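Heads up, the thing below is written out as structure tokens.
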Amino acid sequence: MAAIVDAVRAGKTIFLPPYDASLSQPGEEALVTVGIEPNPYGGTVGEFRYQLEGEEDLLHLYIVRRDGEPLTPEEGQLVAGFVWHGVPSALIWLKPGRLTQHFYVGHDDLLGSLTERLG
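The sequence shown begins at 3 in our numbering and counts up by one.
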């Protein structure tokens, strides 16, 4: 999260990593492999993979299972709570899905909640 906070402070847009077609498999759902390329704004937590990207004044976090199977909003919330530890849950917006769970938080809310924890 330190890289995210630094990018937001600097006004840098957080983009998805450049697409690498060699990492996709035929028949896979598109959102399962978005952001699978190594980058400083994504990672794994247990059986889940997450990716962050900037959207105007919001930060978008999406979560998928590493095996591509469906996940529940509650599973996504556990990962979001880990990634955004310190951000009050009332400030996080959820857009649930079947294979992906999407979470959003305002840049100002993120900085206000994490600056003290990360420095």
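For glycine and all other residues, C-beta sits at the position ideal for the given N, C-alpha and C.
Please read these numbers as outputs of a predicted model, since none were measured by experiment.
(request) Please list, in chain order, all residues of the same chain as Pro42 whose beta carbon is under 6 angstroms from its beta carbon, the five residues on each side excluded. (result) Your numbering for residue 42 matches position 40 in the sequence shown. Excluding sequence neighbours, Pro42 sits near Ala5.
(message) Between Pro90, Leu93, Arg51, Gly56, which has its C-alpha nearest Gln103's C-alpha?
(response) Position 101 of the sequence shown holds residue 103. The residue with the shortest Cα to Cα distance from Gln103 is Arg51.
(request) Determine the contact status of Val107 and Leu60, defining contact as a CB-CB distance below 8 angstroms. (result) Within the sequence shown, numbered from 1, the residue matching residue 107 stands at position 105. Within the sequence shown, numbered from 1, the residue matching residue 60 stands at position 58. Cβ distance < 8 angstroms, so Val107 and Leu60 count as in contact.
(request) Take Pro75 and list the residues in its own chain whose beta-carbon comes closer than 7 angstroms to its own, dropping the five residues that flank it on each side. (result) The residue given as residue 75 occupies position 73 in the sequence shown. So the list reads Leu96, Pro98, Gln103, once near-sequence residues are dropped.
(message) Taking 8 angstroms as the threshold (beta carbon to beta carbon), is Asn41 in contact with chain E?
(response) The displayed structure is made up of one protein chain only, and chain E is not part of it.
(request) Drop a sphere of 10 angstroms on the beta-carbon of Phe105, count the other beta-carbons inside from all chains shown, and report buried for 16 or more, exposed for fewer. (result) Within the sequence shown, the letter at position 103 stands for residue 105. It is buried - the Cβ of Phe105 has at least 16 other Cβ atoms within 10 Å.
(request) Throw me the rounded Cβ distance for the Ile65 and Leu73 pair, which I believe falls under 8 angstroms. (result) Residue 65 sits at position 63 when you count from the first residue of the sequence shown. Residue 73 sits at position 71 when you count from the first residue of the sequence shown. Correct: roughly 7 angstroms between the Cβ atoms.
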